[in-house]
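Asker:
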Amino acid sequence: MATLTLPQTVAVMRRWQEELDSPLQPLMLAIGEALVDSTSRRFQTETDPLGRRWANLQPATLARKTNRNGGIRGSGGGSFRAILKDRGHLAESFSTNRHILTAHRQVSIGTSQSYGKYHQFGTQHLPKRVFLGISAEDEQTIGELVADYFQPPLL
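Each residue of the sequence shown is one higher than the one before, counting from 2 in this note's numbering.
#1: Contact between the segment 113-125 and the segment 30-43: three or more CB pairs below 8 Å?
#2: G111 bridges to which residues according to DSSP?
#3: Exposed or buried, which one is K86 when buried takes at least 16 other CB atoms within 10 Å?
#4: Going by alpha carbons, who is nearest to G117 out of E19, I84, A104 and D149?
#5: Taking the alpha carbon of G134 as the point to measure from, which residue in P128, A148, G111 and S115 has its own alpha carbon closest?
#6: Does DSSP put T10 in a helix, a strand or coil?
#7: Could you check whether P27 and E139 sit closer than 9 Å to each other, using their CB atoms as the reference points?
#8: What residue from R15, I32 and N57 has the CA that sits closest to A148's CA?
#9: Please report the Cβ distance between P128 and A56, rounded to the nearest whole angstrom; I am assuming they are in contact, meaning their Cβ atoms lie under 8 Å.
#10: For T48, name the three-state secondary structure that DSSP assigns.
#11: Going by other Cβ atoms of all chains shown within 10 Å of its Cβ, with 16 needed for buried, is V108 buried or exposed?
#12: According to the Cβ coordinates, are F151 and F44 closer than 9 Å?
#13: When you compare only the Cα positions, how much space is there between V11 and T142?
#14: Note the first and the last residue of the continuous alpha helix (DSSP H) segment covering Q121.
#15: Check this for me: beta carbons of Q59 and L91, under 9 Å apart or not?
#16: Which residues share a DSSP beta bridge with R54?
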């Protein structure tokens with residue numbers, strides 16, 4: 002562990018104060034990118050931020066998505082159940098059309114697909130399948146990004 006002299010400590014504290022007084026948009030953007038990547042992975046694993054599997058497709062939905070060859074539309078031929086991947090627009094809104102809004106000290110991510118809220122929160126006839134949220138892994142990543150951002154300069 003490095004030991005700092007009093008003048009070095011004061012210099013580091015002043016830099017941190019300047020950072021705190023300045024817009025943190027580079028940090029917020031990095032956090033937003035990490036959260037978008039995490040959200041995009043949830044569409045691949047079909048799990049919520051706590052790692053729980055999304056609700057299975059309803060039989061009527063599964064029948065509608067099954068083609069003549071027995072394949073499921075949206076599955077890409079994979080073993081996953083093609084949940085929230087009928088046409089792929091919702092998942093693509095996180096992987097290709099990144100919607101990250103940053104402000105002085107905050108970041109938000111989201112989708113341009115208006116129906117996303119029905120899947121996120123569920124309805125009377127649609128089970129909720131949470132894709133937005135912060136997982137324990139996300140918390141760790143955010144902590145590392147913050148620590149790196151405020152790391153004292155090499156003296």
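A virtual CB, placed ideally from N, CA and C, is assigned to each residue, including glycine.
Answerer: According to the data block:
#1: no
#2: H100
#3: buried
#4: I84
#5: G111
#6: helix
#7: It should be pointed out that residue 139 corresponds to Asp in this sequence rather than to Glu. Contact flag unset, no.
#8: I32
#9: 4 Å
#10: strand
#11: buried
#12: no
#13: 28 Å
#14: G117 to F122
#15: no
#16: T48
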